[in-house]
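Start counting the sequence shown at 4; every next residue gets the next number (this note's numbering).
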Amino acid sequence: DLLQRKIAGPLQMQATTTQREKIENKLVKGLNTDGKETANWDLNVLVGAGGILSTAEDLAKFALAQFDHDNKALSLTRKQTFAITDYEKAIGLGWMIQNRAEGKRLTHSGGTGGYTSFLMIDEARENGVVILSNVSAFSPEVKNISNLGTRLMGMIENED
4 DLLQRKIAGP LQMQATTTQR EKIENKLVKG LNTDGKETAN WDLNVLVGAG
54 GILSTAEDLA KFALAQFDHD NKALSLTRKQ TFAITDYEKA IGLGWMIQNR
104 AEGKRLTHSG GTGGYTSFLM IDEARENGVV ILSNVSAFSP EVKNISNLGT
154 RLMGMIENED
């Protein structure tokens with residue numbers, strides 16, 4: 004209910020939910036580390052930590068909402084709360100922050116037994132990359148998802 008009232012509803016994210024049956028027809032089958040179809044995880048009380056289902060279209064809406072500087076709640080999530088290194092790497096509320104001379108890049112990734120996701124935004128250029136895959140988070144190839152996202156962002160930035 005909170006997801007719908009505070010995020011999905013206001014951002015018109017029609018296919019974002021914790022109730023799999025609502026988007027079953029849009030859901031790509033997850034794959035295990037052997038590349039074989041695997042069941043979706045049911046996270047019960049931990050659904051907010053990996054049970055939110057969405058589409059690339061809805062996550063693009065979420066990424067674009069990050070550039071609305073009047074949205075104070077979203078602005079707070081992008082504010083540094085912890086420094087990992089002296090300057091370059093930090094953490095916000097749900098974001099990994101990479102401070103760069105050109106401005107901040109923010110990323111959030113996730114995964115379960117059948118899926119991996121990656122979202123990166125560039126605050127200064129107001130660009131974003133969304134990747135949803137059915138590569139298991141436990142696959143040795145999972146690092147390729149974030150590497151691909153980072154390379155795509157670099158390609159977008161080089162076009163500006």
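For glycine and all other residues, C-beta sits at the position ideal for the given N, C-alpha and C.
A quick note: this is a predicted structure, and the numbers were derived from the prediction, not measured.
Simplified DSSP state of residue i, which is helix, strand or coil
{"i": "Phe-141", "result": "coil"}
{"i": "Val-31", "result": "coil"}
{"i": "Leu-14", "result": "coil"}
{"i": "Leu-67", "result": "helix"}
{"i": "Ala-42", "result": "coil"}
{"i": "Gly-114", "result": "strand"}
Endpoints, alpha helix (DSSP H) assigned at residue i
{"i": "Thr-153", "result": "146-162"}
{"i": "Thr-80", "result": "75-80"}
heavy atom of the ligand NAP below 7 Å from residue i C-beta
{"i": "Lys-64", "result": "Looking for the ligand NAP in the displayed structure turns up nothing, as the structure carries no ligands at all."}
Bridge-paired residues (DSSP) for residue i
{"i": "Asn-102", "result": "Lys-107"}
{"i": "Asp-125", "result": "Arg-108, Asn-130"}
{"i": "Lys-92", "result": "Gln-101"}
{"i": "Leu-135", "result": "Ser-120"}
{"i": "Thr-20", "result": "Leu-56"}
Proximity of residue i and residue j at Cβ, strictly below 8 Å
{"i": "Gln-101", "j": "Glu-91", "result": "yes"}
{"i": "Met-16", "j": "Asp-61", "result": "yes"}
{"i": "Leu-14", "j": "Phe-65", "result": "yes"}
{"i": "Ala-59", "j": "Val-133", "result": "yes"}
{"i": "Gly-51", "j": "Asn-43", "result": "no"}
{"i": "Leu-77", "j": "Ala-68", "result": "yes"}
{"i": "Asn-130", "j": "Met-156", "result": "yes"}
{"i": "Leu-56", "j": "Arg-23", "result": "yes"}
{"i": "Arg-81", "j": "Gly-95", "result": "yes"}
| message | Three Cβ pairs or more, each shorter than 8 Å: is that satisfied between the stretch 136-145 and the stretch 105-124? | response | yes
Flag this pair as touching only if the stretch 121-129 and the stretch 18-26 have three or more C-beta atom pairs under 8 Å; answer yes or no.
These segments do not touch.
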